[in-house]
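**Student:** Below is the structure I would like to discuss, written out as structure tokens.
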């Protein structure tokens, strides 16, 4: 009889098991996407045994296992079963000296467990369902930095565990919900539009109908930092709160991922729209609690009024959206009404769109160039091309503003083609001048990569500019993962021609490790938001170290964006980041200025040393 302590099952055992079984993963075959994790984690931590384990009522079953010859073990001897009780991680430096485990046959016999560290794996709603475990047969220390790295790997494993579940759930819901949103159960756009049209038709003076466009701010940032499951929770909770204060005659629909449309019938003689708005704001100011963490979010609200702003239901909705989009995330008050001023601003946006078309066609745009520097040698090893626009009437227009305008139409295709053509042409000119040959990086949009003609366009541009393909690098973002199947063929075609790819702003979106392995990537670019506070913020520091370690394990180069001071540089040197980019070395330069910089051989050597 083994000398084992009694392990009580948690109070939430029934709910925990139900969510585990709903994932439909238990007793499925081995999959390469999970085996890649165990191989990578074994390499990063130098551990002989790595397990991705799920704990059901009587056993711990391993979806992937390295260094172990069995795919399950009884729950009463499982170290993973103990991990379920932890908030994040269980660390046992020497099991032979731990009273909980010194009689365990896994310690006394093969595999002879001495060191164990397990990070909790959770279901989409936060219930513990298993553990990501690393094991050694000798005692080991395990620093807080390494603990955080293992926890971050556990989050990535969770996304893989949930992936098929979410895909299947979405498919079923889409098939069954022709009239309602599958997440919230709210009427879809079409149904809300019909109800609004009916309300407009029967409204009698002095009745008014307020159409409200409500956007929840910070959702994209939260999605980047905490994952998609919290977004689903917040959207669902928001819909519940809003439904509680609406009358039966009112309407509500989830319009977009972070955007609701409501309409409210108002009698100015008996009720106040502003009071209704205050009620909405008050219930949404209440914190959202998810996985024992509390989140405060802000909202932007745009309002259009029937009959003042329009008699047409579609136009009322559009007017409310326009008003909402004119608000900044921190606007006080956080709402505004549609007005002539709003119309004027929208007219300006349309005018800028036409001016952008003209700027592309008449070559009024300009490229600036920011160097990438090798962190060891101090040599310029690459350059990123950045588009700038100065209009005679409106002056310098922010890239965020005009690129957003371009992305909302097919202008992004023309703009992207112009940038790509000019960048390749300029790089070839520098090479012809005898300057050092370096790759030039160009940002490409999802619309460009989804275009079936894009590989041919790249080929023609390279051919016409006579620039070898290896000197062109295309930067993509994590948003490409959402429609991976629509772009992967083009990525592979272009990669086989010799063009390289970089993943820009890494860490701000949802990057599945299996996607990273399948993409023809050469480089990961760490987003500036992590670099900014790496010296003072432990979380950012751990994230950057983890990303660098993961990149190296995957055979990828790592570039840090937004490096502005020597302390950031020292940190990145210490953890062997490959390249750096930022104002510490150079702001974006004109073509002539960059050519002079490239001609200087040791211009950054003193900074690096």
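Residue numbers (this note's numbering): 152 to 760.
Even glycine gets a Cβ: it sits at the ideal position worked out from N, Cα and C.
Since residue 556 is in the alpha helix (DSSP H), which residue starts that stretch and which ends it?
**Tutor:** 550-558
**Student:** Report the residue ranges of all alpha helix (DSSP H) runs contained in full by the segment 526-590; include only those spanning at least 4 residues, in chain order.
**Tutor:** 550-558 and 562-583
**Student:** Give the single residue among 234, 258, 557 and 516 whose Cα lies nearest to the Cα of residue 540.
**Tutor:** 516
**Student:** Could you name the residues that DSSP lists as bridge partners for residue 761?
**Tutor:** Nothing about residue 761 can be reported from this structure: the residues present for the chain run from 152 to 760 only.
**Student:** Can you list, in chain order, the residues of its chain whose CB lies under 7 Å from that of residue 570, leaving out five sequence neighbours each side?
**Tutor:** Non-local beta-carbon contacts of residue 570 in its own chain, meaning distances under 7 Å to residues more than five positions away in sequence, involve 518, 536, 538 and 593 in chain order.
**Student:** On the CB-based measure, 16 or more other CB atoms within 10 Å of its CB, does residue 607 come out buried or exposed?
**Tutor:** That one is exposed.
**Student:** Once the 5 residues before and after residue 474 are set aside, which same chain residues still bring their CB inside 8 Å of it?
**Tutor:** 364, 453, 454, 455, 487, 488, 489, 490 and 493
**Student:** Could you give the DSSP three-state label for residue 217: helix, strand or coil?
**Tutor:** strand
**Student:** If we count the other Cβ atoms within 10 Å of its Cβ and call it buried at 16 or more, is residue 678 buried or exposed?
**Tutor:** buried
**Student:** Residue 276: which of 343, 184 and 169 sits nearest, CA to CA?
**Tutor:** Of the listed residues, the one whose Cα sits closest to residue 276 is 169.
**Student:** Please report the distance separating the alpha-carbon of residue 327 from that of residue 355.
**Tutor:** Reliability fails at residue 327, whose pLDDT of 49 lies under 50, so the model's placement of it is uncertain and no value is given.
**Student:** Less than 7 Å between the beta carbons of residue 599 and residue 649, yes or no?
**Tutor:** no
**Student:** Do residue 739 and residue 521 have their C-beta atoms closer together than 7 Å?
**Tutor:** yes
**Student:** Assuming residue 279 is part of the beta strand (DSSP E), what are its boundary residues?
**Tutor:** 279-287
**Student:** Taking all protein chains shown into account, decide if residue 701 is buried (16 or more other Cβ within 10 angstroms of its Cβ) or exposed.
**Tutor:** buried
**Student:** When you compare the segment 185-205 with the segment 278-286, are there three or more beta-carbon pairs, one atom per stretch, that lie closer than 8 Å?
**Tutor:** yes
**Student:** Quick check on residue 462: does DSSP put it in helix, strand or coil?
**Tutor:** coil
**Student:** If you measure between the beta carbons of residue 210 and residue 226, is that distance less than 7 Å?
**Tutor:** yes
**Student:** Looking at residue 193: is its Cβ nearer than 7 Å to the Cβ of residue 214?
**Tutor:** no
**Student:** Taking all protein chains shown into account, do 16 or more other C-beta atoms lie within 10 angstroms of the C-beta of residue 707, making it buried, or fewer, making it exposed?
**Tutor:** buried
**Student:** Does the segment 168-186 come within contact of the segment 682-692, defined as at least 3 CB pairs closer than 8 Å?
**Tutor:** no
**Student:** Which residue or residues does DSSP assign as beta-bridge partners of residue 455?
**Tutor:** 362
**Student:** Do residue 413 and residue 332 have their beta-carbon atoms positioned less than 7 Å apart in this structure?
**Tutor:** no
**Student:** State the Cα-Cα distance for the pair residue 224 and residue 212, rounded to the nearest angstrom.
**Tutor:** Roughly 7 Å between the two C-alpha positions.
**Student:** DSSP state of residue 199, grouped into three classes?
**Tutor:** Reduced to three states, the DSSP call for residue 199 is coil.
**Student:** Looking at the structure shown, is residue 206 part of a helix, part of a strand, or coil, going by DSSP?
**Tutor:** strand
**Student:** Which runs of the alpha helix (DSSP H) at least 4 residues long sit entirely within the segment 334-391? Give them in chain order.
**Tutor:** 340-353 and 370-377
**Student:** Measure the alpha-carbon distance for residue 446 versus residue 438 and round it to whole angstroms.
**Tutor:** Going from the Cα of residue 446 to the Cα of residue 438 covers about 5 Å.
**Student:** If you run the structure through DSSP and keep just helix, strand and coil, what is residue 268?
**Tutor:** In the structure shown, residue 268 falls within a strand segment according to DSSP collapsed to helix, strand and coil.
**Student:** What is the DSSP secondary structure of residue 254, reduced to helix, strand or coil?
**Tutor:** strand
**Student:** Based on DSSP bridge pairs, tell me the residues matched to residue 225.
**Tutor:** 210
**Student:** For the 8 Å Cβ check, are there 3 or more pairs between the segment 264-275 and the segment 289-301?
**Tutor:** Touching, yes.
**Student:** Assign residue 622 to one of two classes, buried (16 or more other C-beta atoms within 10 Å of its C-beta) or exposed (fewer than that).
**Tutor:** buried
**Student:** Apply the 10 Å Cβ neighbour rule to residue 549 and answer buried if 16 or more other Cβ atoms are within range, or exposed otherwise.
**Tutor:** Label assigned to residue 549: exposed.
**Student:** Rounded C-beta distance between residue 729 and residue 710? I'm assuming under 8 Å.
**Tutor:** 7 Å
**Student:** Work out the CA separation of residue 646 and residue 669 for me, nearest whole Å.
**Tutor:** 12 Å
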